[in-house]
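Number of protein chains: 2
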Amino acid sequence: MALLQTAETRYSKPVLVAVNKPLDEDDSLASMRQHALFSSLTDDDLTDLMHQSRRLRLGHHQLLYRQDMPAHHFFFVVSGRLRLYRLDASGIDRTLDSIAPGDCFAEVMIYADPARYACYAEALKSSEVLMIPVKVYQDLLERKPEYTQAALRHYARRAVARFHDLEIMTVQSARDRLIRYLIDLLPSGAEQGGEVELPLPKCLVASRLAMQPETFSRILADLKSNGLVRVNRSRLFISDPARLIQISQ
Amino acid sequence: MALLQTAETRYSKPVLVAVNKPLDEDDSLASMRQHALFSSLTDDDLTDLMHQSRRLRLGHHQLLYRQDMPAHHFFFVVSGRLRLYRLDASGIDRTLDSIAPGDCFAEVMIYADPARYACYAEALKSSEVLMIPVKVYQDLLERKPEYTQAALRHYARRAVARFHDLEIMTVQSARDRLIRYLIDLLPSGAEQGGEVELPLPKCLVASRLAMQPETFSRILADLKSNGLVRVNRSRLFISDPARLIQISQ
DNA sequence: CTGAGTAATTGACTTAGCTCAAAGAAAGGG
DNA sequence: CCCTTTCTTTGAGCTAAGTCAATTACTCAG
């Protein structure tokens, strides 16, 4: 709880807890409890899993793993923010996902064969992750098969989310991709308008949406001038989502 | 076996078995055995699952389900070919996946909540699918928890595949997306060149890759004139994959 | 085999979005 | 708090890819 608040408010207003107070285990435990993969675990199993994992502090832009590296761990984000990206021969960097506190990533490696990371992972700001050995989690599932149900539900949800991401990317115009991306960020139930926080710096959102930062900037400026969004740093206020959807056809 | 051959050769040369010979259960069983979701099932469980499912014949361009319809079944393709697509407000049709005999689709619905199909599904040619009630499979997993391991592996693999699809779509140029798509179709181990069959008509591959059919045609013509691919209907021969990758940067 | 309907190609033109360049604004480290 | 670095925005020009239109080639049903 307190944990999430420190992370979330890092860029808005001073936090109530002491700065850099080491986040204790109880915080992480509570945060892991919320995650579908761990919510059904007994306290003992969860504590045990945590004790067999390593806690890692990452600095701004610090690399966590490289594409194609053998994958012996998956990760849970305690605080901060990370991004997943790929690099191709020409060194072009394409952002594929951003990870917030409370999320797991590379958890697909539990079942991958061969177990190699499919992309790079780096911290976008100073972050803390829990590094869970794949083997430990596998053993846990073997010992307690009842936990697999939760894992199945998690993987199914992830597959649906990726399918949806793919759907956005089959939209041809850069403008329409951006609009759909924004609509997806809106919390459900905000049909009458709402605020959205970009999970990545604008230039990386652009990369995620297969467009140039300049194009992103111009499209946003255009939406702004048409009164469709109000922009404040990385916070966007969308007053009329329905109109935005309509414009994107 | 014979089953797959009839489907595969439908458009190439006359088949050896009698035309439209009703494909018997044993064929479907053998074909399902190959699939990760069913390979670990006992004969009895698999037969039972099949008996509780309905076999459906679909004609050319026949719709199987609509986006947002309540999902009570998932599907196994016995013969033919299907595609998954979405339709937006303006009626633009965006192809997201093609499904071959031996594949499952909408199987994510087993864990979805709410269980609604995320896209349309239609037959690309006359096809046969097995319609498996979600409830029946859920009950099976509940009765035999040991089957969940296979399901987990399947979902993890699917998530990786979707991640990879997404990766292709973050490539900006239409030419490079097409090249990567072709490389992915190449059977692994064909680094020295090989033949690829487009799983969809060219205009739908174009839609899948977020480009116009005209653009697809021009890019392919260009690759052809540079001696990078030889084109024969929907069969492409790629002589030097390494050079193709290099060109795509 | 024939004809209708769909898919694929090609050309001419237009435009969205990329590139390069340069200035201005934020963010993070010391 | 200041300084450096990284983001972001804006402009100008260019190119890839979209649109429209017309032709040709396939596919399938009768």
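First to last, the sequence lines map onto chains A and B.
Adding 149 to a residue's 1-based position in the first sequence gives its number in the numbering used here.
Adding 149 to a residue's 1-based position in the second sequence gives its number in the numbering used here.
Every residue, glycine too, gets a C-beta built ideally from N, C-alpha and C.
This structure is a prediction, so every number in the text was calculated from the model and none was measured.
Runs of beta strand (DSSP E) with 3 or more residues, each lying fully within the segment 197-272 of chain B, are found at 203-207, 212-214, 222-228, 231-236, 242-248, 269-272, listed in chain order. Among the residues of the segment 182-214 of chain A, none has a Cβ less than 8 Å away from any Cβ of chain B. By the neighbour-count criterion, in which a residue is buried when 16 or more other Cβ atoms sit within 10 angstroms of its Cβ, B:Phe386 is exposed.
Note on A:Leu393: 16 or more other CB atoms within 10 angstroms of its CB, so buried under the neighbour-count rule. Ranked by Cα distance from B:Ala270, the options B:Glu346, B:Pro219, B:Arg292, B:Gln211 are led by B:Gln211.
For the segment 292-307 of chain A, residues whose beta-carbon sits nearer than 8 Å to a beta-carbon of chain B comprise Pro294, Glu295, Thr297, Gln298, Ala300, Leu301, Arg302, Tyr304, Ala305, Arg306, Arg307.
DSSP places B:Arg306 inside the alpha helix (DSSP H), whose first and last residues are 297-318. With fewer than 16 other Cβ atoms inside 10 Å of its own Cβ, B:Ser366 counts as exposed. Taking every protein chain shown into account, the CB of B:Glu256 has 16 or more other CB atoms within 10 angstroms, so this residue is buried. Just measuring C-alpha positions, the residue of B:Ile241, B:Leu207, B:Leu195, B:Thr191 sitting nearest B:Arg230 is B:Leu207. No Cβ-Cβ contact shorter than 8 Å links A:Ala264 with A:Gln216. Identification of chain B residues near A:Gln398 by a Cβ-Cβ cut-off of 8 Å yields Asp237, Ala238, Ser239, Ile241, ordered along the chain.
In this model, B:Ala299 and B:Ala305 are separated by some 10 Å (Cα to Cα). Across the structure, B:His303 and B:Leu186 are spaced so that their CA atoms are roughly 7 Å apart. Approximately 6 Å separates the beta-carbon atoms of B:Ala355 and B:Gln361; this is inside 8 Å, confirming the contact. Looking at the DSSP output, A:Gly343 shares a beta bridge with A:Ile387. Beyond the five residues adjoining it in sequence on each side, A:Leu195 comes within less than 8 Å, by CB distance, of Leu178, Met181, Arg182, Phe187 in the same chain, given in chain order. When secondary structure is reduced to three states using DSSP, A:Leu279 falls in the strand class.
Judged by DSSP in its simplified three-state form, B:Arg379 adopts strand. A Cβ-Cβ distance of about 12 Å is found for the pair B:Leu372 and B:Ala323, leaving them out of contact under the 8 Å criterion. B:Ser276 and B:Phe225 have their C-alpha atoms some 11 Å from each other. Within chain A, the residues whose beta carbon sits less than 7 Å from that of B:Asp314 are Leu315, listed in sequence order.
Rounded to whole angstroms, B:Gln341 and B:Gly376 show a C-alpha spacing of 15 Å. With a beta-carbon spacing of about 34 Å, B:Arg243 and A:Thr297 fall beyond the 8 Å limit used to define contacts.
Within its own chain, the residues whose Cβ lies closer than 7 Å to the Cβ of A:Ser189, once the five positions on either side in sequence are excluded, are Tyr296, Ala299, listed in chain order. Between the C-alpha atoms of B:Leu289 and B:Leu331 there is a straight-line separation of about 39 Å. Flagged as an interface residue toward chain B: A:Met318, by a C-beta distance shorter than 8 Å. For A:Met181, the uninterrupted alpha helix (DSSP H) segment begins and ends at 174-182.
Of all residues in the segment 336-361 of chain B, the ones placed with a Cβ closer than 9 Å to any Cβ belonging to chain A are Ser356, Arg357, Leu358, Ala359, Met360, Gln361, in chain order. Comparing alpha-carbon positions, the option among B:Ile241, B:Leu198, B:Arg384 lying closest to B:Ile281 turns out to be B:Leu198. Within 8 Å of the CB of B:Ala391, no CB atom of chain A is found; the nearest one sits about 11 Å away. According to the DSSP assignment, A:Leu349 belongs to no alpha helix (DSSP H), since it is labelled neither H nor E. Taking a beta-carbon distance threshold of 8 Å, B:Ile368 does not count as an interface residue toward chain A. In the DSSP assignment, B:Phe187 falls outside any alpha helix (DSSP H), carrying neither H nor E. Cβ proximity to chain B below 9 Å picks out Ile241, Arg243, Thr244, Leu245, Asp246, Glu256, Val257, Met258, Ile259, Tyr260, Ala261, Asp262, Ala267, Cys268 from the segment 241-272 of chain A. By the Cβ neighbour-count rule, A:Arg232 is buried, with 16 or more other Cβ atoms within 10 Å of its own.
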